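Residue numbers (this note's numbering): 78 to 345. We treat Cβ as the ideally placed atom computed from N, Cα and C, and that holds for glycine. Being a predicted model, the structure only gives us computed values, none of them experimental.
Structure follows, in structure tokens:
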């Protein structure tokens, strides 16, 4: 049974208005054992519509002290963060993670050469296959430059925003680079995230694709975190029963939670 959602955003993220208390209530309503918050910190993100994705870390820390007091006897409160990785800001990320405590660090690639695939301009002058391949190559390059994270978020994030919504996308079309990423994660003790945001965005699969989840296990991957990428209470733990069944069908028996940056395996 899945007992937590490990990718959740609140009003501390530029693209969310969610109240933390409302998110905690969603966790309690489901009798979850843990509550994780993983708000955005994306140094150097191109400001669009006034959104800079810079986390107010000092107030974030103070808020967690209040959460421990308010909800700590009802649910295990765990402080996470989602860091946007770019090769030119790795020193800033290292400094942040050295100076502030987190239980869990989500490593994300949101940009390819400073452009978010969410923006239509990313796809101009690119075939869909090339746009997806460029993204995977950026993920691998980012991880080679920075590995102070615990899980690889929404590995095929780019497909959410592809012109066809990924109708022509497959693991097989990008297998070499995907395998290289998966092997990197396994060899470096990093988890792969199953992110149900893909389903929320209308894809026929979560992020990453079911075939990637299958391949990860074939290669020996054991660390797997599960998150919804919720930015509202409505999407908290989105489609988790469906995902639990999918994972069991693929042969998974455990998933991972993190405390003090260390993985704990829990049965599905």
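### Task
With 8 Å as the threshold, decide whether the Cβ of residue 251 is near any Cβ in chain C.
The structure shown has no chain C; it contains just one protein chain.
### Message
Quick check on the DSSP output: what are the complete alpha helix (DSSP H) runs of length 4 or more inside the segment 244–309, in order along the chain?
### Response
252–264, 274–277, 287–295
#### Entry: Buried versus exposed, by CB contacts within 10 Å (16 or more), residue 78
Locating residue 78 in the chain shown gives position 1, counting from the first residue. Exposed is the call here.
### Query
By how many angstroms is the C-alpha of residue 113 removed from the C-alpha of residue 142?
Working through the chain shown from its first residue, we reach residue 142 at position 65. Working through the chain shown from its first residue, we reach residue 113 at position 36. The straight-line gap from Cα to Cα measures roughly 14 Å.
### Message
Would residue 180 and residue 156 be called neighbours here (beta carbons separated by less than 8 Å)?
### Response
Translated into positions along the chain shown, residue 180 becomes position 103. Translated into positions along the chain shown, residue 156 becomes position 79. Closer than 8 Å, so yes.
### Sequence-distant residues of its chain with Cβ nearer than 8 Å to residue 92 (five each side left out)
As a working mapping, residue 92 is identified with position 15 in the chain shown. Closer than 8 Å at the Cβ level, and outside the excluded window around residue 92, lie 86, 117, 128, 130, 308.
### Backbone CA spacing between residue 203 and residue 145 [nearest angstrom]
Your numbering for residue 203 matches position 126 in the chain shown. Your numbering for residue 145 matches position 68 in the chain shown. If you take the alpha carbons of residue 203 and residue 145, they lie about 48 Å apart.
### Query
CB-CB under 6 Å to residue 208, same chain, minus the five flanking residues each way: which ones, in chain order?
Against the chain shown, residue 208 aligns to sequence position 131. Closer than 6 Å at the Cβ level, and outside the excluded window around residue 208, lie 200.
### Query
Of all the alpha helix (DSSP H) runs that stay within the bounds of the segment 150–198, which reach a length of 4 or more residues?
Correct list: 167–176.
### Message
Quick check: what's the CA-CA separation for residue 244 versus residue 288?
### Response
Here residue 244 corresponds to residue number 167 of the chain shown, with the count starting at 1. Here residue 288 corresponds to residue number 211 of the chain shown, with the count starting at 1. The straight-line gap from Cα to Cα measures roughly 14 Å.
### Message
Less than 8 Å between the beta carbons of residue 233 and residue 197, yes or no?
### Response
Here residue 233 refers to the residue found at position 156 of the chain shown. Here residue 197 refers to the residue found at position 120 of the chain shown. Result no, Cβ atoms of residue 233 and residue 197 do not sit closer than 8 Å.
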